[in-house]
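Worksheet: the structure to be examined is printed underneath.
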Amino acid sequence: MSVEQDNFLENKADVLYVIMGTNPFPNIISAVTRLKNDGRIICICTDETAEYPYERFRKLIVTKNITNKVEKIVIRDKSYMGSIKDALVKKLDETLKEGNNINLLELNYNGGTKVMSSAAYDVVKNYDYKKRDTDVNLTYIDPEREFIYCEYKRKNKQDFNHFSKKLSELNGCCDLSVMDIVCTYLDADMIRFDKIKYKSKMNELSNKLGDLVANMKNDDEYNKVIIFIKSLYCLSKKYNKASEEFKNELNGLFRNCSEMKDYIDINSLGFDSSKDMFNYFKKTEWLEEYILNILVELKGEAIIDDALSNITKKYDDSNKDEFEVDLVAYRKYKIFAISVTSESDTEVAKKKLYEIKQRAKYLAGDESGICFINLCWNVKQIEDEYKNIWDDFTTKNTLILGAQDFHNLKAKLKEWIMGGVRSGMQC
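Read left to right, the sequence shown gives residues 31 to 457 (this note's numbering).
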């Protein structure tokens with residue numbers, strides 16, 4: 031590591047400029063890692079972003095005690111570069127006026143439109159600093175590849191130099207959680223907090239059902255397991271609500287499955303109510319909990335910083351759910367959205383791909399890692415369909431796993447999260 035790169039980790043900005051776009055995650059990373067204690071953040075906004083996400087971003091920064099000096103400059107004409115530059119030059123003049131003790135000024139030029147980003151970059155890089163005893167950094171964060179790229183100019187120097195660093199090497203002033211990030215993207219009033227889970231309710235049962243898939247050794251065993259899982263779902267469709275008949279028939283299904291022999295008495299499963307039991311098998315809650323159990327283990331091993339399931343957003347004008355992301359994990363400074371389905375039909379599973387990617391985008395931007403876990407025996411066709419839909423796939427950001435991956439599912443998820451997938455799909 032060069033002296034300059036080493037200094038970059040230690041020297042934080044007195045003033046940090048960020049561009050407020052629809053994806054605030056890079057701005058969050060900048061604020062957490064690049065701002066001096068009690069430094070000043072200036073958000074470059076348009077009319078569209080001056081309220082949200084700016085207010086949500088500001089609330090997070092103040093709540094996390096990063097700084098209470100957060101302000102905005104609103105660019106009215108975002109399409110005309112000349113007016114953008116004029117407004118930014120005026121703001122820089124005010125920021126750097128004589129008497130302000132600013133040792134380091136930094137611009138993170140992620141976010142906003144290309145015109146806005148280009149204008150801000152050009153103004154800050156080419157500003158006349160001759161009378162200003164100030165260091166200057168220009169940074170761009172790529173959460174997908176997990177790098178920060180920096181151009182820097184030091185006092186009394188004419189030229190900019192550059193380097194890059196892994197985001198994981200940056201020193202943050204505070205810890206972040208999944209909900210810290212999600213609540214900067216989404217209005218908290220629209221999130222169903224009552225549905226969020228940080229640990230499974232039926233730990234033993236979900237592990238038992240998941241292990242049915244993990245312990246398969248051949249096609250015959252796979253077919254038996256899929257028939258059993260489909261029977262659980264069909265039973266819910268048959269009765270459509272909790273009832274004694276449903277419980278009795280469910281009891282029979284468990285009794286006839288040798289691997290579930292420890293659960294002959296359905297009342298011993300530990301559900302709070304018959305309704306909870308019915309809903310558990312109506313959807314894929316058992317599979318979500320099986321994956322959540324793995325994520326909780328990875329959190330305990332310090333592989334990830336946070337994990338939860340069931341982030342659900344309501345429609346604006348009702349209690350109906352607009353979308354749900356099954357599971358989310360967070361590792362410094364990366365969000366991973368995981369979707370699961372007990373679907374074993376390849377053609378049906380393929381139809382879920384667009385929905386999965388869109389939900390991950392709504393959750394935390396395009397850079398979110400995306401994982402799709404299903405019960406198809408062979409996921410090759412699903413991988414091909416993904417590549418057919420999105421021809422801009424990038425390394426290490428997408429993972430698709432099927433039934434044959436369950437025997438070492440934890441290892442594959444860990445490897446993907448750590449950025450070193452060698453098997454399964456890595457787009």
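Each residue gets a CB set at the ideal place from its N, CA and C atoms; glycine is no exception.
Residue i (DSSP reduced to helix, strand or coil)
| i | result |
| --- | --- |
| residue 413 | helix |
| residue 389 | helix |
| residue 425 | Note that residue 425 has pLDDT 44, beneath the 50 cutoff, so the model's placement of it is unreliable and the number below is only indicative. Looking at residue 425 - three-state DSSP - the assignment turns out to be coil, as it is neither helix nor strand. |
| residue 342 | strand |
| residue 88 | helix |
| residue 492 | Residue 492 is absent from the structure shown; the chain starts at 31 and stops at 457. |
| residue 218 | helix |
| residue 96 | coil |
| residue 117 | helix |
| residue 67 | strand |
| residue 126 | coil |
| residue 245 | coil |
| residue 438 | helix |
| residue 377 | helix |
| residue 292 | helix |
| residue 105 | strand |
| residue 163 | coil |
| residue 132 | coil |
| residue 227 | strand |
| residue 444 | helix |
| residue 251 | helix |
| residue 300 | coil |
| residue 408 | coil |
| residue 456 | Reliability of the predicted coordinates at residue 456 is poor, the pLDDT of 47 falling under 50, and the value obtained from them is presented with this limitation in mind. Three-state DSSP puts residue 456 in coil, outside helix and strand. |
| residue 395 | coil |
| residue 210 | helix |
| residue 112 | helix |
| residue 449 | coil |
| residue 82 | coil |
8 Å contact criterion, which residue i and residue j should meet: CB distance rounded
| i | j | result |
| --- | --- | --- |
| residue 265 | residue 239 | Actually they are not in contact, since the Cβ atoms of residue 265 and residue 239 sit about 14 Å apart, beyond 8 Å. |
| residue 386 | residue 369 | 4 Å |
| residue 323 | residue 236 | 6 Å |
| residue 258 | residue 269 | With 8 Å as the limit, residue 258 and residue 269 do not qualify as a contact, their Cβ atoms being about 18 Å apart. |
| residue 139 | residue 170 | 6 Å |
| residue 401 | residue 446 | 7 Å |
| residue 384 | residue 341 | Actually they are not in contact, since the Cβ atoms of residue 384 and residue 341 sit about 19 Å apart, beyond 8 Å. |
| residue 72 | residue 105 | In fact, because the Cβ distance is near 12 Å, the residues do not count as touching under 8 Å. |
| residue 471 | residue 397 | Limits of the chain in this structure are 31 at one end and 457 at the other, which puts residue 471 out of reach. |
| residue 173 | residue 380 | Not quite, the Cβ-Cβ distance comes to about 27 Å (not below 8 Å), so this is no contact. |
| residue 433 | residue 246 | 7 Å |
According to DSSP, residues forming a beta bridge with residue i
| i | result |
| --- | --- |
| residue 177 | 172, 196 |
| residue 191 | 182 |
| residue 47 | 72, 137 |
| residue 258 | Its beta-bridge partners do not exist; DSSP assigns none. |
| residue 353 | 343 |
| residue 369 | 402 |
| residue 359 | 337, 366 |
| residue 383 | Residue 383 is not bridged to any residue. |
| residue 430 | 402 |
Unbroken beta strand (DSSP E) run spanning residue i, endpoints
| i | result |
| --- | --- |
| residue 277 | Run containing residue 277: none in the beta strand (DSSP E); it sits in the alpha helix (DSSP H), 274-285. |
| residue 204 | No beta strand (DSSP E) holds residue 204; DSSP gives it neither H nor E. |
| residue 402 | 399-403 |
Any non-hydrogen atom of the ligand HEM within 8 Å of residue i CB
| i | result |
| --- | --- |
| residue 57 | You won't find the ligand HEM in this model; it holds no ligand whatsoever. |
Terminal residues of the alpha helix (DSSP H) in which residue i lies
| i | result |
| --- | --- |
| residue 156 | 144-156 |
| residue 63 | 55-64 |
| residue 271 | Taken as a continuous stretch (DSSP letters only), residue 271 belongs to no alpha helix (DSSP H), as it is neither H nor E. |
| residue 311 | 304-312 |
| residue 316 | 315-330 |
| residue 469 | Residue 469 is absent from the model: the chain starts at 31 and stops at 457. |
- Item | Stretch-stretch touch, CB-based, cutoff 8 Å, three pairs: the region 59-66 with the region 102-121 | Three or more beta-carbon pairs separated by less than 8 Å are not found between the region 59-66 and the region 102-121, which leaves the two stretches without contact.
- Count the CB pairs spanning the region 352-359 and the region 389-397 that are closer than 8 Å, and state whether there are at least three. Output reads yes: the region 389-397 touches the region 352-359.
- Task: Check whether the region 149-164 touches the region 124-138, counting contact only when three or more Cβ pairs, one atom from each stretch, lie closer than 8 Å.
- Result: The region 149-164 vs the region 124-138: in contact.
- So does the region 312-320 actually touch the region 286-302, counting three or more Cβ pairs closer than 8 Å? No, the region 312-320 is not in contact with the region 286-302.
- Task: Determine, using beta-carbon pairs with one atom in the region 271-281 and one in the region 224-242, whether at least three such pairs fall under 8 Å.
- Result: Flag = no, the region 271-281 and the region 224-242 do not touch.
- Query: At a cut of 8 Å, does the region 208-216 reach the region 67-79 through at least three beta carbon pairs?
  - Reply: The region 67-79 and the region 208-216 do not touch, with fewer than three beta-carbon pairs separated by less than 8 Å.
- Are the region 33-53 and the region 142-154 touching, with three or more C-beta to C-beta distances below 8 Å? In this structure the region 33-53 touches the region 142-154; the number of beta carbon pairs closer than 8 Å is three or more.
- Task: Could you tell me whether the region 182-193 touches the region 326-336, where touching means 3 or more Cβ pairs closer than 8 Å?
- Result: As far as the Cβ criterion goes, the region 182-193 does not touch the region 326-336, which means the pair count is below three.
- Does the region 200-210 come within contact of the region 250-257, defined as at least 3 CB pairs closer than 8 Å? Taking one beta carbon from each stretch, the region 200-210 and the region 250-257 have fewer than 3 pairs nearer than 8 Å; the two do not touch.
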